[in-house]
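This report concerns only the one structure given below.
There are 2 protein chains.
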Amino acid sequence: MDAIDLALVDLLRGNARLSYAELARQVGLSAPAVHERVGKLESGGVIRAYRAEVEPETVGLGVTALISIVEDSGADTDDVLEAFRAMPEIESCYFMAGVESFLLKARVGTIAELEQLIVRLNRTPGVASTRTSIALSTKWENRPQPVGPSSS
Amino acid sequence: MDAIDLALVDLLRGNARLSYAELARQVGLSAPAVHERVGKLESGGVIRAYRAEVEPETVGLGVTALISIVEDSGADTDDVLEAFRAMPEIESCYFMAGVESFLLKARVGTIAELEQLIVRLNRTPGVASTRTSIALSTKWENRPQPVGPSSS
DNA sequence: GGGCGAGGTCGATGGCGTCCACGGACTGTA
DNA sequence: TACAGTCCGTGGACGCCATCGACCTCGCCC
Numbered sequence: 000m001d002a003i004d005l006a007l008v009d010l011l012r013g014n015a016r017l018s019y020a021e022l023a024r025q026v027g028l029s030a031p032a033v034h035e036r037v038g039k040l041e042s043g044g045v046i047r048a049y050r051a052e053v054e055p056e057t058v059g060l061g062v063t064a065l066i067s068i069v070e071d072s073g074a075d076t077d078d079v080l081e082a083f084r085a086m087p088e089i090e091s092c093y094f095m096a097g098v099e100s101f102l103l104k105a106r107v108g109t110i111a112e113l114e115q116l117i118v119r120l121n122r123t124p125g126v127a128s129t130r131t132s133i134a135l136s137t138k139w140e141n142r143p144q145p146v147g148p149s150s151s
Numbered sequence: 000m001d002a003i004d005l006a007l008v009d010l011l012r013g014n015a016r017l018s019y020a021e022l023a024r025q026v027g028l029s030a031p032a033v034h035e036r037v038g039k040l041e042s043g044g045v046i047r048a049y050r051a052e053v054e055p056e057t058v059g060l061g062v063t064a065l066i067s068i069v070e071d072s073g074a075d076t077d078d079v080l081e082a083f084r085a086m087p088e089i090e091s092c093y094f095m096a097g098v099e100s101f102l103l104k105a106r107v108g109t110i111a112e113l114e115q116l117i118v119r120l121n122r123t124p125g126v127a128s129t130r131t132s133i134a135l136s137t138k139w140e141n142r143p144q145p146v147g148p149s150s151s
């Protein structure tokens, strides 16, 4: 994990479809060398995936909500997690410090679907209560912060 | 935006580095046809970007926090937004319904850096108060939900 | 000094991206 | 029905790219 690896990660966070040849030009190595480095970043768990970022409205997912979950005392956190994982609307799931154990980011098409999701969440064993905030608009999301020349 | 476009979007959300030839095989078209469709999805704003998803800890961003912001009455929301945008630690920014106008997701390397960020946020003109929750762990993030055969 | 491993370059080759010309289906008009 | 125009696809061609293997260089350890 040297400066060149960080540069590759930065480049791929900005545009995951850059060719190895282009990456090679940018970091000043040959294409096979870059190919091997990126392969190691992938298998070493640094690069988890390559994803196209989609404008949610255009695929019928116009409603974004953030839902905080208070767990039942004595709930099995793993079971709760598994139940959340089975709900595809839940895009992100953070385990939080504080009274509210989880914060979920959910994306649905309509307010009606959001309502159904909240009902399902409240019915989930281990969930004591939910608190939902609706995002009126997403100013930006998952902006990659340059990690540039840093320590490690 | 027909079923084939949706399939392409799904495939690219799952793996942004699929070749056009591979996409073509999956959807049953020729490579040039897929190339043109994807090009239209990009220029039409459906596909916003292609990003490598990185394990944050491995690039020195091990601390995730969610920060709610209450605006001053009379604050200029655009100015506040611009100030947020200038802080690279803020990965996502949602404009929310409720007392707290914004929800920010920030990623930093250490608690000390988080403290500095919060200080800067509180000093920002237009910001009345902040409320920070720390994510102890990220169970998952930006999981693409299949949009499959849907309406539109 | 000599062997070894990590990590690089170079060269070759097959597949891919991308441009272009062409063709069939659908639509609106006479 | 016949015709022209448009949209959207296919197939072929060509140059670039991904990827493999052979070799090279440097630093390290015995």
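As they're listed, the protein sequences go chains A and B. Note that numbering that gives the first Met the number 0 gives residue 64 to position 65 of the first sequence, counting from 1, and the numbers run on in steps of one. Note that numbering that gives the first Met the number 0 gives residue 80 to position 81 of the second sequence, counting from 1, and the numbers run on in steps of one. All C-beta atoms in this analysis are idealised placements derived from N, C-alpha and C, irrespective of residue type, glycine included.
Cα separation between Ile46 of chain B and Arg12 of chain A?
Here residue 46 of chain B refers to the residue found at position 47 when the second sequence is read from its first residue. Here residue 12 of chain A refers to the residue found at position 13 when the first sequence is read from its first residue. Distance between the alpha carbons of Ile46 of chain B and Arg12 of chain A is about 15 Å.
Distance check for Asp75 of chain A and Ile117 of chain B, CA to CA, integer angstroms please.
As a working mapping, residue 117 of chain B is identified with position 118 in the second sequence. As a working mapping, residue 75 of chain A is identified with position 76 in the first sequence. Spanning the two alpha carbons is a distance of roughly 33 Å.
Closer than 8 Å by beta-carbon distance: list the chain B residues that pair up with Ser42 of chain A, in chain order.
Indexing the first sequence from 1 puts residue 42 of chain A at position 43. Neighbours of Ser42 of chain A on chain B: none; closest Cβ ~12 Å, over 8 Å.
Can you check whether the C-beta of Glu54 of chain B is within less than 7 Å of a C-beta belonging to chain A?
Here the question's residue 54 of chain B lines up with position 55 in the second sequence. Contact with chain A is found for Glu54 of chain B, since one of that chain's Cβ atoms lies less than 7 Å from the residue's Cβ.
Determine, for Thr123 of chain A, whether the minimum Cβ-Cβ distance to residues of chain B falls below 7 Å.
Stepping through the first sequence from its first residue, residue 123 of chain A is reached at position 124. Not closer than 7 Å to any Cβ of chain B, the Cβ of Thr123 of chain A fails to qualify, so no.
Please classify Gly44 of chain B as buried or exposed, where buried requires at least 16 other C-beta atoms within 10 Å of its C-beta.
Taking the second sequence and counting its residues from 1, one reaches residue 44 of chain B at position 45. Around the CB of Gly44 of chain B, fewer than 16 other CB atoms lie within 10 Å, so the residue is classed as exposed.
If the cut is a Cβ gap below 8 Å, which residues of chain B does Val45 of chain A touch?
Translated into positions along the first sequence, residue 45 of chain A becomes position 46. Among the residues of chain B, those whose CB is under 8 Å from the CB of Val45 of chain A are Val53, Glu54, Thr57, Val58, following chain order.
CA nearest to the CA of Leu5 of chain A, picked from B:Val53, B:Arg119, B:Ser67
Working through the first sequence from its first residue, we reach residue 5 of chain A at position 6. Answer by Cα proximity: B:Val53.
If you draw a straight line from the C-alpha of Met86 of chain A to the C-alpha of Val107 of chain A, how long is it?
Counting from 1 along the first sequence, the entry for residue 86 of chain A is found at position 87. Counting from 1 along the first sequence, the entry for residue 107 of chain A is found at position 108. Those two C-alpha atoms are separated by around 11 Å.
On the criterion of 16 or more Cβ atoms from any shown chain inside 10 Å, does Thr109 of chain A qualify as buried, or is it exposed?
The count along the first sequence starts at 1 and reaches residue 109 of chain A at position 110. Classification for Thr109 of chain A: exposed.
Going by DSSP in three states, Thr76 of chain B sits in which element: helix, strand or coil?
Residue mapping note: residue 76 of chain B aligns to position 77 of the second sequence, counting from 1. If DSSP states are grouped into helix, strand and coil, Thr76 of chain B belongs with the helices.
Let me check understanding here. Comparing Cα to Cα, which of A:Glu112, A:Pro55, A:Glu70 lies closest to Phe101 of chain A?
As a position in the first sequence, residue 101 of chain A is number 102, starting the count at 1. Distance from the Cα of Phe101 of chain A is smallest, within the candidate group A:Glu112, A:Pro55, A:Glu70, for A:Glu70.
Between the alpha carbons of Gly27 of chain A and Ala48 of chain B, how many angstroms are there, rounded?
One-based indexing of the first sequence puts residue 27 of chain A at position 28. One-based indexing of the second sequence puts residue 48 of chain B at position 49. Their Cα atoms are separated by approximately 25 Å.
Leaving out five residues before and five after Ser136 of chain B in sequence, what residues of the same chain have Cβ atoms less than 6 Å from its Cβ?
The count along the second sequence starts at 1 and reaches residue 136 of chain B at position 137. There are no such residues.
Hey, quick one: how far does the beta strand (DSSP E) through Ala51 of chain B stretch, first residue to last?
In the second sequence, the residue the question calls residue 51 of chain B occupies position 52. Note, Ala51 of chain B: beta strand (DSSP E), 46 to 53.
Report the neighbours of Ile133 of chain A on chain B: residues whose CB is nearer than 9 Å to its CB, in chain order.
Counting from one through the first sequence, the residue named residue 133 of chain A turns up at place 134. Within chain B, Met95, Ala96, Gly97 have C-beta atoms less than 9 Å from the C-beta of Ile133 of chain A, given in sequence order.
9 Å Cβ cut-off: residues of chain A touching Val79 of chain B:
Within the second sequence, the letter at position 80 stands for residue 79 of chain B. By Cβ distance, chain A contributes nothing, its closest Cβ being about 10 Å from Val79 of chain B, past 9 Å.
Compute the Euclidean distance between the alpha carbons of Gly61 of chain A and Lys138 of chain A, then round it to the nearest angstrom.
As a working note, residue 61 of chain A is residue 62 in the first sequence. As a working note, residue 138 of chain A is residue 139 in the first sequence. If you take the alpha carbons of Gly61 of chain A and Lys138 of chain A, they lie about 14 Å apart.
Taking only three categories from DSSP, how would you classify Val146 of chain B?
Numbered from 1 along the second sequence, position 147 holds the residue referred to as residue 146 of chain B. DSSP places Val146 of chain B in coil when its eight states are reduced to three.
Do we get a CB-CB distance below 7 Å when we pair Asp4 of chain A with the residues of chain B?
As a first step, residue 4 of chain A must be located in the first sequence, where it is residue number 5. For Asp4 of chain A, the answer is no, since every Cβ of chain B falls outside 7 Å of its Cβ.
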